[in-house]
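First to last, the sequence lines map onto chains A, B, C and D.
The first sequence runs 51 to 184 under my numbering.
The second sequence runs 51 to 184 under my numbering.
The third sequence runs 122 to 613 under my numbering.
The fourth sequence runs 122 to 613 under my numbering.
From the three backbone atoms N, C-alpha and C, an ideal C-beta is built for every residue, glycine too.
Before any comments, here is the structure.
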Amino acid sequence: MHTVVIGVIGADVHAVGNKIIEHVLKEEGFNVVNIGVLSSQEDFINAAIETDAQAVLVSSLYGHGEMDCKFLKENMIEAGLGHVKLYVGGNIVVGKQDFKSVEDRFKKMGFDRVYPPGTNIEIALNDLREDLGA
Amino acid sequence: MHTVVIGVIGADVHAVGNKIIEHVLKEEGFNVVNIGVLSSQEDFINAAIETDAQAVLVSSLYGHGEMDCKFLKENMIEAGLGHVKLYVGGNIVVGKQDFKSVEDRFKKMGFDRVYPPGTNIEIALNDLREDLGA
Amino acid sequence: MLKNKKLSREEFFEIREKIRTHWHTGSDERLDFDKAVETLRNVPDSKNFAKKLRYAKENGITMIQPRAGVALVDEHIILMKFLQNQGGADFLPSTIDSYTRQNRYSNAEDAIKESEKQKRSLLNGFPAVNHGVEGCTKVFESVKVPLQARHGTPDARLLSEIIHASGWTSNEGGGISYNIPYAKNISLEDTLRYWQYCDRLVGIYAEEGIEINREPFGPLTGTLVPPSISHTVAIIEAILAAEQGVKNITVGYGQCGNITQDVAALQTLDALTNYYLKLFGYEDVFVTTVLHQWMGGFPADEAKSMALISLGATVATLGGATKIITKSPHESQGVPTKEANAEGLRASKLITNLLATQRYPSDKVLKAEKEMIEKEVKTLLYATLNVGKGDFVQGVIKAFEQGILDIPFAPSEMNKGHILPARDKRGNIRILEFGNLPFDDEIKKFHKNALEERAKSENRDVSFQMTIDDVYAISRGKLVGNFSKKEPLNEN
Amino acid sequence: MLKNKKLSREEFFEIREKIRTHWHTGSDERLDFDKAVETLRNVPDSKNFAKKLRYAKENGITMIQPRAGVALVDEHIILMKFLQNQGGADFLPSTIDSYTRQNRYSNAEDAIKESEKQKRSLLNGFPAVNHGVEGCTKVFESVKVPLQARHGTPDARLLSEIIHASGWTSNEGGGISYNIPYAKNISLEDTLRYWQYCDRLVGIYAEEGIEINREPFGPLTGTLVPPSISHTVAIIEAILAAEQGVKNITVGYGQCGNITQDVAALQTLDALTNYYLKLFGYEDVFVTTVLHQWMGGFPADEAKSMALISLGATVATLGGATKIITKSPHESQGVPTKEANAEGLRASKLITNLLATQRYPSDKVLKAEKEMIEKEVKTLLYATLNVGKGDFVQGVIKAFEQGILDIPFAPSEMNKGHILPARDKRGNIRILEFGNLPFDDEIKKFHKNALEERAKSENRDVSFQMTIDDVYAISRGKLVGNFSKKEPLNEN
Ligand code: B12
Ligand code: B12
């Protein structure tokens, strides 16, 4: 069983998507470690270390995602989590922006996969299976 | 009292604006000759000649205005009506177009004044007074 | 003397031969009756207008249809597919251009050529006669949903032949509704005759087992038409169509703006059409209703237009209409781009979906409104029948002559144009000047009181200025035209 | 032990001194009480939130207000003026950014600097505390209509001081509504205490003859919250505010989607808030209502979003709400541009204008819905009071502990999160899992039956999958989440 850490980063309290992602991933047989809303980078990193997770799925809905995710990849590498897959989704920037350029920005920040607003979680499921070789 | 010819050109049956223009111009003291909808260029020219009008206000709502108004100015000049002021208003072209370019097109066709969709008739009233020196 | 009587097959086919000579596309052999029947038999249920309407009504679904048409076949197909795929249109139209509507096929031909040259449509619609069965079939084959011709053509006989023979299973129009708002001096006798033909064509197809839908044009001039007047015209046209053998009829109504009046209108339109069809002996006609989103002047602002469109979809669904004719946010400006048109469709679809299982509650006000509409329709209908000495065709001709039927703001000289509508305080459309409408005192008093109540609240007299204000009102963002009132704490 | 008891002036001013040290802008001398009173006395009526609401309610007008806020003062002013002039906003907000909401003023400071550098707002709102009275006054002086802070801040004491001292005459929030949906592990005791302070501030101004509006945040998580639950919270927060001396309160509600339920909710919200305020001894509170346009996930499509916005404005006006919080067509994507935001406003304004004199009819269904809401609210309110041994503050703390009050999808650990909502066949929000809600069998049966009726019609079981489907439904263009049904003749 694959272990994935999910949570909502920063000062973000959007809980609905997070609860639904947990439900769907569990149904699909993942071991889901949900650290919930208002989670810091450290919370994600600690959870991933403690549970030996293969992937970290960061949600950011409220618009500050770009700031909250700064150096997350670097910090994960430093914590020995360089191999862990790193996804981000939600409404990760402020405002309606061209998604291609948003994706580029986050990929440069070290994210393996970047999802546009309202992404159906089933899509990420396929990617996850592909990336984790399930 | 100034005499103006009003009417709706071509195969156009939009009658509402025409009836209202008649009412307002009359209230404002003009001698209004209303030839109504479905009026040809000849209808306009004949009415202007017969009534010795100082202005012709062409309405076109249905989108074929550009075709229906072709050579109207030339035909008026030929009929000795070169001095008569020529206005056009309504929805004079097909579709939502940049009004500046529409205005240019119709000015080139010899119209003295060109009005965008939904023009308040009061605005034209002022222009009319100015042009006819009332 | 023209009567409301079914054309015999012989008469019909005799006229048919002549009609086919009106323009060269009439000689296309796919217009030969047997070939046309074959074409229509091969139309799948999912592309049959009449059947899909039946399905919608039986399942309580409110479906959506735009207006749209451009000069060239290939462009028109792109447009249709866009509205179907990006707009989610349940039904497709082909709005016919204004030259074709006046049977000016050679004007249309010129404009087609000019459009080809300029690479933009110089026509405000699709010139179906010029494109003939050839072009119309190409359109039909390119789409997945039923097609209908929408026009405003006093004499649509050749047009109707061509579209049906191309697999289009609905035709809009009628001898009154495509005359009075769409012509200046064509006699009603002529248009009623022309439309008997169009109806008979559908009736004859029905005899071959082919179900085709007919839709009288409900909103007429689209400008403050009191519901009872448009209902009466719709019901009469339904009766005339039924006489010619039409079995699937959609009666229409243009949104007024007061939700209660709109719902009352939709409910009575359905009930009364069914009632009078049966009363006059047409038992097996399947009736559906269509609401036209606001048919008068639109606000210039696109956001406001979207709101108006959504409100139209709301009353249609709450009122149980089977179909909505949608508008676009470009309405006040000109023929919409396909994108703007699809926006109107998608907004409407969201509403019909969200409200799918919701209906407007019935209270005393709604009931009273319905009763008044019923009473007025009855009065108008019987007066028409009366002056026609029992015949609706003659009745219509005479009723318009005498102003028994009278439509506000119509261009036609066949119409008296003596009545004036205006809104009451709540935005219901009432009648300010009755002209010769044969209403009794109770009805007249009802209208008068309503308008006086408004006048009082606005501190002015009941007058033509009210009508003018109301003509402008919605385009200026209000329902009841009163532009003097200052609101101290409410400048915005 | 914290109780629902008015803070004494001494206590209040003692706390006040400490609060002002939380960030350097707190030392601004315009925050000295007398100066602030003077500032507020000079606010003209047209810019006083409380007075304009009073005017609206007394004249039956439904007014509109957007959400909006950006990082920098000058940009924020441009935004405000745009929404006022191009949007026609009757009231202006300043939506506060999420760092400020969590009192992370130094994070906000960084983001302000970064926004200045990048020349685009990196904050999702206006950091009012960082900009201080200086910045907030500049905003106030730039606009013509009343201003309100809208946030989601558990501890908004310094924020509240700053905005009011800058002439902003309304503040959104409450000890429950700005905790449970907006925090993870802040105790209710803390937030209730913080908000007693914010309310007392308004109450003390009231003692100086200055009327300021307070608005509990009605929609909570915005996600399928049953009306009786959000009503109960709103009423309790109104009572808590009234105890601190607040005299002008706007209770709120988030559009559900079924028009009858929405109208029932709006009508009962007004009636019940007034009723219980009086019942508990608060006689002279002026109550208004606000409808929040759909607060859950929006459709990605802008046209559909405009329709949803229009439908929200429709129910608000028909239901007699005093104010609407509008959404924009960008909702599903991110903080809207000022243009998109103004589109939502203008669409809403058209609807409030057209329907100004129209109200939703009352029938049996509406009455039954209202009765059920009344009964549920009564149950929840009395149970809360009961566990609080007669005190609402203690009641709230215990009620959440025990799940007597429980809000679906809330992030807070203070909330049990045991209840699950789902829609019935007509889209009404019902309760699928009651957790510890103290409802009697009659109420439970009512909800169960409604959901079973739906389950049957969809040929499936009542289950959590329904809830999930309903969370997604509106964003996917439906009201009732059922994505399996195939419709033969209705692919589009
Ligand atoms: C009502 C209406 C109808 C009614 C008309 C009833 C009647 N016989 O009068 C009906 C339903 C019959 C109808 C039919 C058609 N219509 Co129509 N109709 C409208 C609508 C909604 C309102 C027009 C109106 O009455 N406005 C109220 C009056 C008071 O305003 P007005 O007409 O604009 O006139 C005022 C000003 O423009 C100005 N003005 C007018 N002329 C002039 C001239 C001068 C010199 C000056 C100074 C000012 C001026 O003063 C007037 C008084 O204030 C408009 C769209 C809109 N505006 O919202 C479409 C519209 C005009 N129609 C249109 C079309 C295409 C048609 C049809 C071809 C087909 C169709 N789509 O169904 C047919 C045309 C038939 C024909 N042969 O003409 C298009 C025209 C498209 C374009 N130009 O690109 C429009 C713009 C709708 C659209 N966006 O597609 N229509
Ligand atoms: C409901 C809601 C709220 C509720 C939240 C209740 C709660 N505690 O959960 C309330 C009202 C409290 C709220 C508050 C705020 N909100 Co809010 N909110 C929304 C709204 C309307 C719906 C969110 C939602 O629940 N969707 C339903 C769920 C199922 O979908 P989802 O969250 O998108 O998640 C799904 C997918 O995105 C995907 N997904 C999510 N994360 C990830 C990660 C990965 C790796 C993958 C693969 C997929 C994935 O899967 C999820 C399940 O299907 C959205 C706009 C919208 N979408 O329509 C705004 C929105 C997210 N909110 C916004 C904002 C700004 C705020 C506020 C700051 C202020 C405000 N405007 O009032 C505060 C924030 C407070 C804070 N500190 O966080 C903005 C964010 C702007 C931006 N990014 O530019 C939005 C986009 C609205 C807008 N357009 O302005 N909000």
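H64 of chain A carries a coil assignment under DSSP once its states are collapsed to helix, strand and coil. At a Cβ-Cβ threshold of 9 Å, A270 of chain D and Y315 of chain D do not count as neighbours.
Here the alpha carbons of G440 of chain D and D484 of chain C stand approximately 15 Å from one another. Relative to ligand 2, the beta carbon of E237 of chain C is positioned no closer than 8 Å to any heavy atom. The Cβ-Cβ distance between S453 of chain C and G168 of chain B falls below 9 Å. For G246 of chain C and K459 of chain C, the gap between their C-alpha atoms comes out near 13 Å. With contacts defined by Cβ atoms closer than 9 Å, I595 of chain D and G417 of chain D form a contacting pair. Of the candidates D:Y481, D:I182, D:T142 and D:K470, the residue whose Cα lies closest to the Cα of A386 of chain D is D:Y481. Interface flag for K76 of chain A against chain D is unset, since no Cβ pair is found closer than 9 Å.
Residue pairing by DSSP places R271 of chain C opposite C:T216 in a beta bridge.
The beta carbon of A61 of chain B sits closer than 8 Å to at least one heavy atom of ligand 1.
Using a Cβ-Cβ cut-off of 9 Å, Y593 of chain D does not count as an interface residue toward chain C, since no Cβ of chain C sits closer than that to its own.
Considering only A:E92, A:G183, A:G115 and A:H114, the residue with the shortest C-alpha distance to E128 of chain A is A:E92. Only exposed fits R162 of chain C, as fewer than 16 other CB atoms lie within 10 angstroms of its CB.
Closest option to N251 of chain C, judged by alpha-carbon separation, among C:I301, C:S148, C:A210 and C:G181: C:S148. Relative to S263 of chain D, the option among D:L502, D:G288 and D:N228 whose CA is nearest is D:G288.
Here the C-alpha atom of V436 of chain C lies approximately 22 Å from the C-alpha atom of P420 of chain D. The beta carbon of K448 of chain D sits no closer than 9 Å to any beta carbon of chain C.
For Q186 of chain D, the enclosing beta strand (DSSP E) has its first and last residue at M184 to Q186. Within chain A, the residues placing a beta-carbon under 8 Å from that of L243 of chain D are H114, E116, M117 and V144, ordered along the chain.
Selection C:E196, C:E495 and C:E310 evaluated against K259 of chain C yields C:E196 as nearest (Cα-Cα). H114 of chain B is positioned such that its CB atom lies no closer than 9 Å to that of G183 of chain B. Close partners of A232 of chain D in chain A (Cβ separation under 7 Å): M117. Counting only residues of its own chain and dropping the five nearest sequence neighbours on each side, S578 of chain C has a CB closer than 7 Å to the CB of K546. Here Y137 of chain A is bridged, per DSSP, to A:L107 and A:R163. The shortest C-alpha to C-alpha distance from Y299 of chain D to any of D:F338, D:H285, D:K265 and D:I140 is the one to D:F338. Within the region 565-610 of chain D, the complete alpha helix (DSSP H) segments of 4 residues or longer fall at 585-594, listed in chain order. Chain-order list of chain D residues neighbouring L88 of chain A: Q223, A304, K305, N306 and P532, by C-beta distance under 9 Å. Taking a Cβ-Cβ threshold of 7 Å, the residues of chain A close to Y220 of chain D are A61, in chain order. Under a 10 Å Cβ-count criterion, E293 of chain C is classified as buried, with 16 or more other Cβ atoms of the shown protein chains found around its own Cβ. Residues of chain A with a Cβ closer than 7 Å to the Cβ of H451 of chain D are, in chain order, K146. In the DSSP assignment, E336 of chain C falls within the unbroken beta strand (DSSP E) covering N334 to E336. As a beta-bridge residue in DSSP terms, K444 of chain D pairs with D:M184 and D:V411.
Per the C-alpha coordinates, the member of C:N557, C:L341, C:R188 and C:E464 positioned closest to V372 of chain C is C:L341. Contact of L123 of chain C with chain D is not assigned, every C-beta pair being separated by 9 Å or more.
Under a criterion of Cβ atoms nearer than 7 Å, the residues of chain D adjacent to I70 of chain A are, in order, I589 and V592.
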